[in-house]
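Student:
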Amino acid sequence: MLKKKSIIAVFIIIIALIGSYFFLINMDTAKDNENDVNDKISDDIVIFSTDKAKVAKISILNKHGDYTFYKAGDSWKVLNLEAAQLILSKVENLAYDVADIKATSLVLDEEGADLSIYGLSVPSSKIIVTLTDDSEHEFDLGDLTPTGTEYYFKDKNKNAIYTITKSKGDTFLQSLNDFRDKSVLDIDTSTITEVIITKKDGATVHVQQDPAGPKDELGVLSYWKILSPYERNASNEEVINRLLNNIASIMAKSYVDDPSNLEKYGLKDPLYTVKVKISGEYDTFYVGEKTEGGRYVKQEGKDDVFVVDESIISFVDLTGYELIERYVALIDINRLQSATITANGKTHTISITGNKDEAKYYLDGNEA
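Everything in the sequence shown is counted per numbering that gives the first Met the number 0, starting at 0 for the first residue and increasing by one.
1. Quick check on this structure: which residue in ILE246, ASP303, GLY364 and GLU280 has the alpha carbon closest to the alpha carbon of LEU261?
2. Within 10 angstroms of the Cβ of VAL54, are there 16 or more other Cβ atoms? Answer buried if so, exposed if not.
3. Give the C-beta separation of LEU143 and VAL238 to the nearest angstrom, bearing in mind that I take them to be a contact with Cβ-Cβ under 8 Å.
4. By Cβ distance, which residues of its chain are closer than 6 Å to ALA247, with the 5 residues on each side in sequence left out?
5. Looking at THR192 and LYS274, is the spacing between their C-beta atoms short of 8 Å?
6. Grouping DSSP H, G and I as helix and E and B as strand, with all else coil, what is PHE314?
7. Look at the Cβ atom of THR148, then the Cβ atom of LYS165, and state whether they are nearer than 8 Å.
8. Taking the alpha helix (DSSP H) that ALA247 belongs to, which residues open and close that run?
9. Going by beta-carbon coordinates alone, are TYR295 and TYR264 separated by less than 8 Å?
10. Indicate whether the contact test is met: 3 or more Cβ pairs, each with one atom in the stretch 82-99 and one in the stretch 147-162, closer than 8 Å.
11. Closer than 8 Å by C-beta to THR162: which residues in its own chain qualify, once you throw out the five before and the five after it? Chain order, please.
12. Give the DSSP-derived three-state secondary structure of GLY300 in the structure shown.
13. With a 10 Å radius around its C-beta and 16 neighbouring C-beta atoms as the bar for buried, classify GLN208 as buried or exposed.
14. Do GLY141 and SER123 come within 8 Å of each other at the CB atom, strictly closer than that value?
15. Short of 8 Å in beta carbon distance, which residues of its chain neighbour GLY135, apart from the five on each side in sequence? Order them along the chain.
16. If you compare alpha carbons, which of GLU230, LEU175, SER313 and ASP99 is closest to LYS289?
17. Distance cutoff 8 Å, beta carbons only. Does LEU322 sit that close to anything in chain C?
18. Does the beta-carbon of THR131 have 16 or more other beta-carbons within 10 angstroms, so that it is buried, or is it exposed?
19. Going by beta-carbon coordinates alone, are ALA251 and VAL183 separated by less than 8 Å?
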């Protein structure tokens, strides 16, 4: 009886081992199949692909508004805003992005899917790519995935829903301002030789560089002169740090796309007019009302109205007094021969003869 039970136990163990073997074989096969599928997805799922040179127009519609770039020769322009200065490298990168759209995964491919689950019923961005043959390809960008590392994405005319990389999706969420060249005066402070700031009430601060440099007179080290509201020597340090550096740092924080009514920005009759002489030529710009974080500014001869950060444009409120040279007497010690000091009814004279190692010092005529 005991022998029979032992045989049955051995038989059960053999069956269990055989079952485990086939289970492990099947599991490895499943994993291999899964890896093959994932590799195929990451390598082969192309949502859209074309030669970047065939991209003629790119339209974006998102929460920031809508804008269209179109190819103009070797450059790019903004439709209905052709004067806008663009960072062409960023527009070129966008063209590369729309010419080669690959998925990180296929979520589903079935008709009648609930697009709202993926943020695709009301897309966060619509992208329309027009090619040189006038064909149009429209895509929708949805929500971030739960992991926050990808976006849901869809070809407007197909059922399939994919995921794309977050970096690619973020590109389609940019505003027009993100592509605009925000530099205003691309200059070096050493090229500025004159600045005139005139307020609406006529008050003026006028500083000018003295081409001859510091004069051979007591206490004059400045290359700059204040000409208005009074004539004084200016402090090099104050003029450079508080005025010139800020002028050279002027950048557009944001743009007003259609400034048809300059009055609402305080620019029809500007609050400030700033004239800057750069390399012998004057550049004029106007400063208007305050807005969130800055002021409205417009360059003479250009249509754009833009916002400049308050920390930079605040130089328009500088007074002449703030730029005055503070030193009353700053003398080159190497040129000093004698000095007479009178205090409390007593007078003392110190003097020096000779140079360097042969110099002799005297106090009231007596060698010290």
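Cβ atoms here follow ideal geometry from the backbone N, Cα and C, with glycine treated the same way.
Tutor: Based on what the coordinates show:
1. That would be ASP303, whose Cα lies nearest to the Cα of LEU261.
2. Here VAL54 is buried, its C-beta having at least 16 other C-beta atoms within 10 Å.
3. About 50 Å; that fails the 8 Å criterion.
4. Excluding five sequence positions before and after ALA247, the CB atoms of its chain that fall closer than 6 Å to its own CB belong to ILE186 and THR188, given in chain order.
5. In this structure, THR192 does not lie closer than 8 Å to LYS274 by Cβ.
6. PHE314: helix per DSSP, three-state reduction.
7. Cβ distance < 8 Å, so THR148 and LYS165 count as in contact.
8. Taken as a continuous stretch (DSSP letters only), the alpha helix (DSSP H) holding ALA247 covers 244-247.
9. Yes, they are a contact pair.
10. Counting Cβ pairs under 8 Å, fewer than three are found: no touch.
11. Counting only Cβ-Cβ distances below 8 Å, and skipping sequence neighbours, we find ALA102, THR103, SER104, VAL106, THR144, GLU149, TYR150, TYR151 and PHE152.
12. Three-state DSSP puts GLY300 in coil, outside helix and strand.
13. The residue is buried, with at least 16 neighbouring Cβ atoms inside 10 Å.
14. Annotated as proximal: SER123 and GLY141, with beta-carbon spacing under 8 Å.
15. Reading off the sequence, residue 135 comes out as Glu, not Gly. Excluding residues up to 5 positions away in sequence, ILE127, VAL128 and THR129 lie with their Cβ nearer than 8 Å to the Cβ of GLU135 in the same chain.
16. The option with the nearest alpha carbon to LYS289 is SER313.
17. The structure shown contains no chain C; it holds only a single protein chain.
18. Label assigned to THR131: exposed.
19. Result yes, Cβ atoms of ALA251 and VAL183 sit closer than 8 Å.
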